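To start, the structure under review is shown below, and the notes come after it.
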Amino acid sequence: MTLTIKVASMSNNLTFYERQKLESWFRTKQSMRAIARIMRRDHTVLTRELQRNGRGDRKRYRADVAQRIFEQRVHKQHRGKLDKYPELKEYVVNGLKKEWSPDVIAGKLKTAGEKQTISHESIYHYIYNKDGRYEGLRQYLRQGKVKRQKRHSRKHSELRIPERKSINIRPLCIDGRKRYGDWESDSVVFSRQGIALSVQSERKSKLIRMHKIANKTAEETANALIRTIESLPSGLFLTVTFDNGSENVKHVKIKKEYAIETYFCDPFASWQKGGVENANKLIRHYLPRSTDLSKLTDRDIYDIQEKLNNRPRKCLNYQTPNEVINKVVH
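Numbering of the sequence shown is given in the working numbering, commencing with residue 32 and proceeding in unit increments.
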């Protein structure tokens, strides 16, 4: 009567107990199929075991050696992609150092057609596991979201903004981001009274312009906007949308001198110019409310602006604002 070995595990991988029995059976003259029937295993499983973990030689097969080879292979297979592929890890780490988010890095790899890709969840996992903590990668992540500050703008009827056009009559092509050249403008203020930032964001490309201004007055704001307009190729500044702040009352000067249309959000509805509001959040990562702008040069402000303009955006299919706008002007 033939002895049959009962085994609990029926996976394609043998247990160490099975390997010990297999070592004994390999020393007999039993065929591979006969041994497979005894062990209640498919003969292909035993053939693969011999090839992968026993060098294909029945006489040289050792259960302890086969088990060690198997465990080493499993350990290697369970390593993360960043451990397996040094070039992929280098790309991810460089992206983090550029202050790209894991989502942006993962998306950029896919759209660039790279051979090796990785999910943003896997990047986060690596950052927070033992290796990532040792390498200090967490420092490159944006630390939480900046809370939007409530704006206490006065009613437009009190401000008497001349020639004010409501956002509600703005052409649909602007609302749908169907063309380039439609901008939003806002101011970013800091704890120290006085110096502020005038920020403009192009609705479709997400291109940002930002200028340090001596104070949040209409004159300074208008001059900053003029600098933005004159920094761009002709035809790339067609309209601009403001909130109802007093710093925007001199929009008529810009409107007439540069033949552009100006629109205003509804009272207490600055969210209607969400593009520049989001740009302000990104700027706050570099320039928190406590920043003393007097210690920063115009070049410092420009460098931050270009960091943002060279950051891939998910909404742009992981292109950067500069990449998008360069395709338009060239």
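Glycine residues also receive a C-beta, built at the ideal position from the N, C-alpha and C atoms. It should be emphasised that the depicted structure is a prediction, and the values quoted were computed from it without experimental measurement.
The criterion of a C-beta distance shorter than 8 Å is not satisfied by Ile198 and Tyr122. When rounded, the separation of the alpha-carbon atoms in Gly276 and Ala137 is 39 Å.
As a beta-bridge residue in DSSP terms, Met241 pairs with Val230.
A residue is called buried when at least 16 other Cβ atoms come within 10 angstroms of its Cβ; Phe47 does not meet this threshold and is exposed. The three-state reading of DSSP puts Arg195 in coil, since its state is none of H, G, I, E or B.
Its chain contains Ile198, Cys296, Asp297 as the residues whose beta carbon lies nearer than 7 Å to that of Gln303, once the 5 sequence neighbours on both sides are disregarded; these appear in chain order. Between Asp323 and Ser301, the C-beta spacing is not below 8 Å.
Spanning the alpha carbons of Asn246 and Phe299 requires a straight line of approximately 22 Å. A straight-line Cα-Cα distance of about 48 Å links Ile260 and Asp114.
Selection Arg71, Leu81, Val307 evaluated against Phe57 yields Leu81 as nearest (Cα-Cα).
Annotation: Asp323 is outside any alpha helix (DSSP H) and is labelled neither H nor E by DSSP. Excluding residues up to 5 positions away in sequence, Ala227, Leu228, Val230, Asn311, Ile314 lie with their Cβ nearer than 7 Å to the Cβ of Val219 in the same chain. Looking at the backbone, the Cα of Lys129 and that of Asn341 are separated by about 9 Å. Taking C-beta atoms as the reference points, Lys237 and Arg344 count as a pair closer than 8 Å. A residue is called buried when at least 16 other Cβ atoms come within 10 angstroms of its Cβ; Lys120 meets this threshold and is buried. In terms of Cβ geometry, Leu172 and Gly212 do not form a close pair [threshold 8 Å]. One alpha carbon belongs to Ile100, the other to Leu53, and they sit about 16 Å apart.
With a beta-carbon spacing of about 6 Å, Tyr157 and Gly111 fall inside the 8 Å limit used to define contacts. One Cα belongs to His242, the other to Val105, and the distance between them is close to 56 Å.
Leu140 has its alpha-carbon roughly 39 Å from the corresponding atom of Thr78.
For Val307, the closest alpha carbon among the candidates Lys286, Asp329, Gln336, Lys326 is that of Gln336. When rounded, the separation of the alpha-carbon atoms in Gly163 and Trp131 is 16 Å.
Closest by C-alpha distance to Gln147, out of Ala65, Glu166, Pro117, Leu168, is Pro117.
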